[in-house]
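Numbering (our numbering), first residue to last: 1 to 193.
Cβ coordinates follow ideal geometry from the N, Cα and C atoms, glycine included.
Below is one structure, written out as structure tokens; comments come after it.
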Amino acid sequence: MLNVLLFGPPGSGKGTQSKKIIQHYDLQHLSTGDIFRKEISEQTPLGRVAQHYIDKGELVPDDVVISMIEEVINNNPKAKGFVFDGFPRTVQQAKALEQMLQRKKQSICIMIVLKVEKEELIKRLLNRSKIEGRKDDDSHIIQNRIKVYEEQTSPVIDFYIKEAKAFIINGIQTEDEVFKDICLHIDKFSKCK
Ligand code: AMP
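As structure tokens, then:
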């Protein structure tokens, strides 16, 4: 199993790079944001809960996210590994993920952190709002999402640094250059269990 954790603030390019990674390594993409947006568009009970938080740029509560992830992992027993995109977003989620994977005799092989400065993130997200029309790419909500990343999500990096699994990549390069850097790191971990 090759479980990759793709990490970074909103607008750092996780979605774009995830697509390239899953194609190249034949992995399953697991984006919590995409799952929530699908649930919202289908107006499910989970979607209604998630929307309440997403519209404010807040995090959906850990227990909701963790049980949702467990279901996705259990429903994909044939996956050769996952690219986790947008999860874990808190240390509590990271600990829950470790336990979940341990029960399956698996682990996170590598964490890739995409580093992009705040001004560039804001520019990219405002540009995306014009193209995709995502409500949470509104300028006020963007500010809160970045603050939430800095305060609640970035401590997850230390969690994986302690395990010597985290690698920081310059996210202000062309898409292909970023992908090349990502592959250089993942290739070293391709025999991970
Ligand atoms: P994303 O598409 O990853 O930027 O996620 C969009 C929004 O979904 C976030 O701003 C959060 O409100 C919510 N969300 C996505 N993933 C998580 C997560 N792992 N934990 C809590 N909330 C999440």
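Closer than 7 angstroms to a non-hydrogen atom of ligand 1 - does that hold for the CB of residue i?
| i | result |
| --- | --- |
| Ile54 | yes |
| Leu59 | yes |
| Arg128 | no |
| Phe159 | no |
| Gly8 | no |
| Val156 | no |
| Val178 | no |
| Gln143 | no |
| Gln93 | yes |
| Asp187 | no |
| Thr32 | yes |
Based on Cα-Cα distance, which residue from the options lies nearest to residue i?
| i | options | result |
| --- | --- | --- |
| Met68 | Gly33, Val156, Phe159 and Ile142 | Gly33 |
| Lys56 | Ile110, Gly11 and Arg134 | Arg134 |
| Lys123 | Ile112, Asp138, Ile110 and Lys105 | Asp138 |
| Glu132 | Lys180, Val4, Gly11 and Val64 | Gly11 |
| Glu175 | Val116, Pro155 and Leu126 | Val116 |
| Leu206 | Asp187, Ile168 and Glu177 | Past the boundaries of the shown model lies residue 206; the chain is included only from 1 to 193, so the question cannot be answered. |
| Leu114 | His185, Ile141, Ile40 and Glu39 | His185 |
| Lys19 | Leu101, Cys192 and Asp85 | Asp85 |
| Gly15 | Cys192, Phe179 and Lys188 | Phe179 |
Cutting at 6 angstroms between CB atoms, please list the residues of its own chain near residue i, excluding the five before and the five after it.
| i | result |
| --- | --- |
| Lys147 | none |
| Lys165 | Ile110 and Met111 |
| Tyr160 | Met111 and Ala166 |
| Arg145 | Pro10 and Gly57 |
Considering only residues of the same chain and omitting the five flanking positions on each side of residue i, which have a CB-CB separation below 8 angstroms?
| i | result |
| --- | --- |
| Asp62 | Thr90, Gln92, Gln93 and Ala96 |
| Val72 | Leu30 and Ile35 |
| Arg103 | none |
Pop quiz: residue i and residue j are said to be a contact at Cβ under 8 angstroms. What is the actual Cβ separation, rounded to whole angstroms?
| i | j | result |
| --- | --- | --- |
| Ile21 | Leu30 | In fact, because the Cβ distance is near 12 angstroms, the residues do not count as touching under 8 angstroms. |
| Val4 | Val60 | Contact doesn't hold; Cβ gap of about 22 angstroms is too wide. |
| Ile182 | Gln17 | 6 angstroms |
Within a Cβ cutoff of 7 angstroms, which residues of the same chain sit near residue i, ignoring the five residues on either side of it in sequence?
| i | result |
| --- | --- |
| Ser65 | It is Val, not Ser, that sits at residue 65 in the sequence shown. Around Val65: Thr32, Phe87 and Gln93. |
| Ser190 | Leu2 |
Counting only beta-carbon separations shorter than 8 angstroms, does residue i have a partner in chain B?
| i | result |
| --- | --- |
| Gln93 | Of the protein chains in this structure there is only one, and it is not chain B. |
Subject >> Every unbroken beta strand (DSSP E) within the region 76 to 110, with a cutoff of 3 residues, ordered by chain >> reply: Runs of the beta strand (DSSP E) lying entirely within the region 76 to 110 and spanning at least 3 residues, in chain order: 82 to 85.
Original post:
Which runs of the alpha helix (DSSP H) spanning at least 4 residues fall entirely within the region 37 to 83, listed in chain order?
Top reply: Annotation note: the region 37 to 83 contains the following uninterrupted alpha helix (DSSP H) runs of length 4 or greater, listed N- to C-terminal: 45 to 54 and 62 to 74.
**OP:** Tell me the start and end of each unbroken alpha helix (DSSP H) in the region 103 to 162 that is at least 4 residues and wholly inside, in chain order.
**Re:** Whole alpha helix (DSSP H) segments, 4+ residues: 118 to 132, 139 to 148 and 155 to 161.
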